[in-house]
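**Q** Structure incoming, see below.
In our numbering, the protein residues as written are 1090 to 1248.
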């Protein structure tokens, strides 16, 4: 559950673990349930292609419920909501039930590609043709590999 940042953190952790400990994943069939909150490009992609997901997951979690008051939940309020005999009739309980239904009823699987952005430093460059052309040393290992799912933004520091 979360935004693009949460998805990115999950993907980086997943890819790193899969590269360092591949034996863990040999018997696993991993399925991730996307519950968008804030800007979530993967959730937007799924909502464009799946009307059920758009109606029961994407719409309720990307915009505030019009009948649900928005206030910060602290321990006192949480305690009162849990003890109230009507706690499951509160508008915010609708979201909890939507998540439960989503995990229980979702049957369509959408494979998602994870891309790698390989990064090298200037030390991996070699000059050719008497210094007129600079090429990447094809034997050099990337300095950094950044996995991503939908979009990637770079800030390149000028030299």
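All C-beta atoms in this analysis are idealised placements derived from N, C-alpha and C, irrespective of residue type, glycine included.
(1) Does any residue of chain D have a CB that is nearer than 8 angstroms to the CB of residue 1125?
(2) Please report the residue range of the alpha helix (DSSP H) in which residue 1103 lies.
(3) Spatial neighbours of residue 1233 within its chain, please: C-beta separation below 7 angstroms, excluding the five flanking residues on both sides.
(4) Tell me the residue span of the alpha helix (DSSP H) that contains residue 1150.
(5) What residue range does the alpha helix (DSSP H) around residue 1139 cover?
(6) Whose CA, out of 1148, 1131 and 1212, lies closest to the CA of residue 1202?
(7) Kindly indicate the opening and closing residues of the beta strand (DSSP E) around residue 1204.
(8) Determine the burial state of residue 1147: buried for a count of at least 16 other Cβ atoms within 10 Å of its Cβ, exposed for fewer.
(9) Give a yes or no on whether the C-beta atoms belonging to residue 1134 and residue 1239 are separated by under 8 angstroms.
(10) Please say whether residue 1125 and residue 1151 have beta carbons closer to each other than 8 angstroms?
(11) Short of 8 angstroms in beta carbon distance, which residues of its chain neighbour residue 1138, apart from the five on each side in sequence? Order them along the chain.
(12) Under the three-state reduction of DSSP, which class applies to residue 1234: helix, strand or coil?
(13) Can you tell me whether residue 1204 is buried or exposed, with buried defined as 16 or more other CB within 10 angstroms of its CB?
(14) Check residue 1214 in the structure and name its three-state DSSP category.
**A** This is what the structure gives:
(1) Among the chains in the structure shown there is no chain D, since it carries only a single protein chain.
(2) 1093-1109
(3) 1208
(4) 1148-1151
(5) Here residue 1139 belongs to no alpha helix (DSSP H), and DSSP marks it neither H nor E.
(6) 1131
(7) 1204-1208
(8) buried
(9) yes
(10) yes
(11) 1199
(12) strand
(13) exposed
(14) strand
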